[in-house]
Amino acid sequence: MVNVFMQPIASAPMVRRLLQEMNLSPNKLLGQNFLICEKTAQRIVQAAKINKEDNVVEIGPGLGALSEHMAKSAGYLGLLEIDMRLHSHLYRLFADNKLVEVMQGDALSFDYILYAKNKCWEDYLLVANLPYSITTPLLQYILLKGGPWRSLTLMMQKEFAYKLLPLSGKAAASPLALLMQYYGNINELFAVSKECFYPRPQVESIVIQITRHKQALFAVKNEEQFTGFLKAAFSHRRKTLLNSLCISMGQDAAWWREVFNSCGLGENKRAEQLTLAEYVYLFTTYERQLI
Ligand code: SAM
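Mapping of the sequence shown onto my numbering: residues 1 to 291, in sequence order.
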């Protein structure tokens with residue numbers, strides 16, 4: 001790897017210097033807040049627990065703050081960056097390293113399943129300092145179409161994470177939170193202050209990790225349809241769950257009452273009151289009733 005300056009990329013002088021050299025100003029729309037704290041970069045990479053046998057994909061490598069560490073610890077590292085200018089920089093940075101692949105592309109449409117298949121990977125670790133504006137669609141995309149990921153180590157906006165995840169012992173109350181529980185165990189790792197980024201964001205961040213269940217806790221036939229069902233359940237939060245499903249999924253109230261009764265669910269339940277297990281049961285009963 002050719003980091004000719006022998007300074008960590010995650011430092012204010014290096015980030016400024018690289019941006020200046022490329023005549024590049026951070027793109028707000030792409031969530032370009034670069035890490036300038038080397039300690040944090042190292043902590044994230046350590047948290048991902050990468051070994052020489054591991055394959056890693058990083059989404060949004062930016063200037064390479066995390067990538068330069070992962071390139072040393074991973075067996076193979078795929079970098080997926082949307083910004084052409086950063087892609088060229090990364091390409092030069094890792095030109096000498098055959099075990100790092102720099103790709104230009106959109107993480108929201110990348111074919112992770114095919115990528116892993118072509119590389120004959122049994123599984124891989126995904127690491128990202130996420131562009132905040134696409135956190136929700138990206139998480140959903142990775143969960144459903146991310147292929148054989150083993151863990152996701154992600155930095156995201158703190159406020160967003162607290163709304164989304166069953167952290168601090170609180171029940172999760174969103175389709176995405178339920179979907180995450182479906183796939184794995186979620187852990188909050190550590191907070192990262194806004195001072196650690198250039199440009200400085202308005203908000204604090206945290207690093208979380210989702211470790212995939214070794215054996216699925218539940219198995220629905222079609223996970224995309226299950227996701228649609230969860231979204232329908234939460235689509236009218238002021239109404240009861242039964243009414244919300246009635247409006248969004250079709251069928252009349254009497255039909256849904258029957259489904260609820262056979263699941264042993266009260267008709268006045270609200271979307272946020274059901275556990276994942278109850279949702280899986282409700283969904284499979286709904287599917288059976290349709291036949
Ligand atoms: N990993 C670097 C770091 O920690 O300093 C940069 C993180 S920055 C918060 C987010 C990065 O994601 C930027 O490099 C941005 O260009 C990239 N990005 C934004 N949207 C993307 C997308 N849809 N697909 C791939 N990369 C994306």
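Heads up, the beta-carbon is just placed ideally off N, CA and C, and yes, glycines get one too.
query	result
Taking the C-alpha atoms as reference points, what is the distance between residue 16 and residue 10?	10 Å
Rounded to the nearest angstrom, what separates residue 1 and residue 164 at their Cα positions?	Legend: pLDDT at residue 1 = 49, less than 50; position of this residue unreliable, no value from coordinates given.
Could you have a look at residue 17 and say whether DSSP puts it in helix, strand or coil?	helix
Mind checking whether the beta-carbon of residue 190 lies closer than 7 Å to any heavy atom of ligand 1?	no
Taking only three categories from DSSP, how would you classify residue 85?	helix
Quick one: Cα of residue 241 to Cα of residue 215, how far?	29 Å
Rounded C-beta distance between residue 378 and residue 114? I'm assuming under 8 Å.	Residue 378 cannot be examined here, being either before or after the span of the chain that is shown, 1 to 291.
With residue 103 and residue 132 assumed to form a contact (beta carbons below 8 Å), what rounded beta-carbon distance in angstroms separates them?	Incorrect: roughly 22 Å between the Cβ atoms, too far for contact.
Leaving out five residues before and five after residue 318 in sequence, what residues of the same chain have Cβ atoms less than 6 Å from its Cβ?	What the structure shows of the chain is the stretch from 1 to 291, and residue 318 is not part of that stretch, so it cannot be assessed.
Could you tell me whether any non-hydrogen atom of ligand 1 is closer than 7 Å to the CB of residue 159?	no
Return yes when at least one heavy atom of ligand 2 lies under 7 Å from the C-beta of residue 185, else no.	Of the ligands one can find in the structure shown, namely ligand 1, none is ligand 2.
Alpha carbon to alpha carbon, what distance is there between residue 129 and residue 20?	22 Å
Ordered along the chain, which non-local residues of its own chain (more than five positions away) have a Cβ less than 8 Å from that of residue 40?	10, 192, 196
Using the Cα positions of residue 251 and residue 244, report the straight-line distance between them to the nearest angstrom.	11 Å
Please name the residue, chosen from 233, 268, 22, 50, that lies closest to residue 286 on a Cα-to-Cα basis.	233
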